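Chemist: First residue of the sequence shown? That's 2 in the working numbering, and the numbers climb one at a time after it. Heads up, the beta-carbon is just placed ideally off N, CA and C, and yes, glycines get one too. Bear in mind that the values here come from a model prediction, so they are computed numbers and not experimental data.
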Amino acid sequence: MKAKVMEGMQRFSKAMFIPILILPIEGILIAFGNLFTNPRLMEVFPFLDNPITTGFGTILTGSLVSILTNLGLIFCVGIAIGLANKDKAIAGFTSLLGYLVFVNAMNKFMQLTGVLYEGESLQGTGQTMVLGVQILDMGVFLGLILGIVTAIVHNKFIDTEFKGAFQIYGGSRFVFIVLIPVLVLLSVALTFIWPFFQAGINSLGGLIQHSGSFGIFLYGALERLLIPTGLHHLIYTPFLYTSLGGAVEIGGQVYEGARNIYYAEIIDPTVKELSSSVVWDARGISKMFGLIGACLAMYHTAKPENKGKVKAILIPAAVTSFIAGVTEPIEFSFLFVAPLLFVVHAALSGLGMVAYHLLDVRAIGPNGMIDFLLFNVPLGIEKTHWPMYILVGLFSFAAYYVVFRFLIVKFNFKTIGREDEDEETKLYSKKDYEKKSKGVTGTPESQSNGGIAPVIVDALGGASNINTVTNCYTRLRLTLDNPEKVNEEVLKRETGASGVVIKDKNVQVVYGLQVTNIRKAVDSYLGLSTNE
């Protein structure tokens, strides 16, 4: 049972990545559009104060706000695609149809039972407008539930076929036929059940909000501690996109979740000060500052004869973490050789977020310095207190450096550059990058003639051992029949993997930003399409 639960959580976490990876792009574009309508910037750059640029910024930000108000639909389609075993595009289309069916079914049932609120404002009623239809306010949870239900029905009935006159009703059509009564009954059930769940969620959110520094520390530490399992998305996503991260009314519209609130507040010029909820999205302190100090500590404690090689390996990893917020290459460099350092890293990350909370810092930096500059600086110091974000970050850098250096020396941890003579100093090097680049470009024929894909497949126990292949932002994620056949040493030494995580039949191979190209190479070698 435990293995099945973990496997289910792993699959759900992978599916979450489809909508989650798109939303930061939306945020960056909202911030970019805000640049053209920012009064502060117009004072510094008067040429921006013209109908063309301000109109462009208004259209860009205004069009993207619709994503914030329809996150349920986005998560519904994304989850269904991610959880579907095959015919993923059909699953996504079916989930869209199912979403429309559910919303209207709930609305009609609420009308028939007399629970549909008929006043002018829905604020505080527990009801909201979804695609122009009034239903219970379920937020992102509606999308999560419907995406999971659609995927279950799709996977069970997609291969159902009929003969004769009923042949036309097989496959995807039969999935939709079965889905309709399921969703109608679900809409009726949730009309009665959801208010109790919502009360529980609100109580949990209130408990977390009132737990102050301890709650923030626990959140920040857990978000890092779950990195090895790949389940850390399940920690931060509810705080960023649901009422657990706060709820604020802006311009007559209620926004839930730290990320949604922040985007809405930077668009609305009447908002003079950002909400304190943004602390849930201040996870960049370890990415932009802390782990850079850890890299410096590992470099200074490396053996003298290895320092040149360590520098070549750690500098690209540190720059990637600082600029883009991709931390796993660094974290996996000490996760398995010194687990205590990883626990300390999680604690320091949580403490850094507590410092932001205590100092009332309203800036965010979820994905590195690029996000930090684009989101915060144009809003001004008064609104975001962004210089304090950097100051706390510098203290975090110093704390990581001092603590990591002390522990590495004290316990003689075999961090990068301190390996025994028969072990290889390896994380990422230019040679590894060139090898991977050569292996993941070109035609499928060139892949099979000595590229990286055959090596990966062989190290995973061969093509017959591989059931599914997907990827997230930095990891190749697979399910294998016999995970004990995985050769971690080959994956690290010959394909440039910085870490391998095996949990039951779920295997994750950490490659960093090159993972998408590597996934395509493996798919091509195995003869898979991206829809399988």
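Within 10 angstroms of the Cβ of Val403, are there 16 or more other Cβ atoms? Answer buried if so, exposed if not.
Modeler: The sequence position of residue 403 within the sequence shown is 402, counting from 1. Its Cβ having fewer than 16 others within 10 Å, Val403 is exposed.
Chemist: With burial defined as no fewer than 16 other Cβ atoms inside 10 Å of the residue's Cβ, what is the status of Gly451: buried or exposed?
Modeler: Against the sequence shown, residue 451 aligns to sequence position 450. Any reading at Gly451 must be qualified, since the residue scores a pLDDT of 47, below 50, and its modelled position is unreliable; no value is offered.
Chemist: Can we count Glu224 as close to the ligand SAH, meaning its CB is less than 7 Å from some heavy atom?
Modeler: Absent from the structure shown: the ligand SAH. Ligands present: none.
Chemist: Taking DSSP as the reference, what is the three-state secondary structure of Lys164?
Modeler: On the sequence shown, residue 164 is found 163 positions in, with the first residue counted as 1. Coil, per DSSP.
Chemist: Quick check on DSSP: helix, strand or coil for Gly364?
Modeler: Counted from its first residue, the sequence shown places residue 364 at position 363. Looking at the sequence provided, one finds Ala at residue 364 rather than Gly. Ala364 falls in the coil class under three-state DSSP.
Chemist: To the nearest angstrom, how far is it from the Cα of Asn466 to the Cα of Gly528?
Modeler: Start at 1 with the first residue of the sequence shown, and residue 466 comes out as number 465. Start at 1 with the first residue of the sequence shown, and residue 528 comes out as number 527. Approximately 14 Å, taken between the alpha carbons.
Chemist: Which of the three DSSP states is assigned to Met130 in this structure?
Modeler: For this step, residue 130 is matched to residue 129 along the sequence shown. Looking at Met130 - three-state DSSP - the assignment turns out to be strand.
Chemist: Kindly indicate which three-state DSSP category Ile474 falls into: helix, strand or coil?
Modeler: Position 473 of the sequence shown holds residue 474. What sits at residue 474 in the sequence shown is Tyr, not Ile. The answer is coil: DSSP assigns Tyr474 none of H, G, I, E or B.
Chemist: Count the C-beta pairs between the segment 318–337 and the segment 194–211 that are closer than 8 Å, then say yes if the count reaches three, no if not.
Modeler: no
Chemist: Sort Gly285, Gly172, Asn261 by Cα distance to Leu275 and report the nearest one.
Modeler: Your numbering for residue 275 matches position 274 in the sequence shown. When each option's Cα is compared against that of Leu275, the closest is Asn261.
Chemist: Taking buried to mean at least 16 other C-beta atoms within 10 Å of its own C-beta, is Ala32 buried or exposed?
Modeler: Here residue 32 is taken as the residue at index 31 of the sequence shown, counted from 1. Buried, by the Cβ-count rule.
Chemist: Identify the continuous beta strand (DSSP E) that holds Tyr256 and give its terminal residues.
Modeler: For the purposes of this step, residue 256 is taken as residue 255 along the sequence shown, with counting starting at 1. Counting along the chain, the beta strand (DSSP E) containing Tyr256 begins and ends at 254–257.
Chemist: Express the C-alpha separation of Leu479 and Met107 in angstroms, rounding to a whole number.
Modeler: By 1-based counting over the sequence shown, the position of residue 107 is 106. By 1-based counting over the sequence shown, the position of residue 479 is 478. Cα to Cα, Met107 sits roughly 38 Å from Leu479.
Chemist: Do Tyr401 and Leu349 have their beta-carbon atoms positioned less than 8 Å apart in this structure?
Modeler: Position 348 of the sequence shown, counting from 1, holds the residue named residue 349. Position 400 of the sequence shown, counting from 1, holds the residue named residue 401. Cβ atoms of Leu349 and Tyr401: closer than 8 Å.
Chemist: Do you know how far the Cα of Gly216 is from the Cα of Asn71?
Modeler: Numbered from 1 along the sequence shown, position 70 holds the residue referred to as residue 71. Numbered from 1 along the sequence shown, position 215 holds the residue referred to as residue 216. Asn71 and Gly216: Cα-Cα distance of roughly 29 Å.
Chemist: Could you check whether Gly171 and Glu162 sit closer than 8 Å to each other, using their CB atoms as the reference points?
Modeler: The count along the sequence shown starts at 1 and reaches residue 162 at position 161. The count along the sequence shown starts at 1 and reaches residue 171 at position 170. Going by C-beta atoms, Glu162 is nearer than 8 Å to Gly171.
Chemist: Provide the residue span of the beta strand (DSSP E) that contains Lys504, from first to last.
Modeler: Counting from one through the sequence shown, the residue named residue 504 turns up at place 503. For Lys504, the enclosing beta strand (DSSP E) starts and ends at 500–504.
Chemist: Using a Cβ-Cβ cutoff of less than 8 Å, which residues in the same chain neighbour His386 once the five nearest sequence positions on both sides are dropped?
Modeler: The sequence position of residue 386 within the sequence shown is 385, counting from 1. Result list for His386: Leu360, Asp361, Val362, Arg363, Ala364, in chain order.
Chemist: Could you name each continuous alpha helix (DSSP H) segment of 4 residues or more that falls completely within the segment 376–429, going from the start of the chain to the end?
Modeler: 382–385, 387–412
Chemist: Under 8 Å between the Cβ atoms of Pro25 and Asn368?
Modeler: Position 24 of the sequence shown holds residue 25. Position 367 of the sequence shown holds residue 368. Yes.
Chemist: Helix, strand or coil: which one does DSSP assign to Phe13?
Modeler: Residue numbering aside, residue 13 sits at position 12 when the sequence shown is read from its first letter. Looking at Phe13 - three-state DSSP - the assignment turns out to be helix.
Chemist: Name the residue from Val249, Asp269, Cys77 whose alpha carbon lies nearest to the alpha carbon of Thr59.
Modeler: Here residue 59 corresponds to residue number 58 of the sequence shown, with the count starting at 1. Comparing Cα-Cα distances from Thr59 to each of Val249, Asp269, Cys77, the minimum goes to Asp269.
Chemist: Of the residues Ser14, Asn105, Val141, His155, which one's Cα is nearest the Cα of Ser96?
Modeler: Here residue 96 refers to the residue found at position 95 of the sequence shown. Comparing Cα positions, the closest option is His155.
Chemist: Between the Cα of Tyr474 and those of Lys504, Glu495, Val511, spot the shortest distance and give me the residue it belongs to.
Modeler: For this step, residue 474 is matched to residue 473 along the sequence shown. If you compare the alpha carbons of Lys504, Glu495, Val511 with that of Tyr474, the shortest gap goes to Val511.
Chemist: Go to Gln509, then tell me how far its beta strand (DSSP E) extends in each direction, as first and last residue.
Modeler: Translated into positions along the sequence shown, residue 509 becomes position 508. For Gln509, the enclosing beta strand (DSSP E) starts and ends at 507–511.
Chemist: Determine the contact status of Thr583 and Leu375, defining contact as a CB-CB distance below 8 Å.
Modeler: Look at the range of the chain in this structure, 2 to 533, and you will see that residue 583 is not part of it.
Chemist: Between Asp459, Ser499, Val470, which lies nearest to Ser485 when the distance is taken from Cα to Cα?
Modeler: Counted from its first residue, the sequence shown places residue 485 at position 484. Per the sequence shown, the amino acid found at residue 485 is Glu instead of Ser. Nearest option by C-alpha distance: Asp459.
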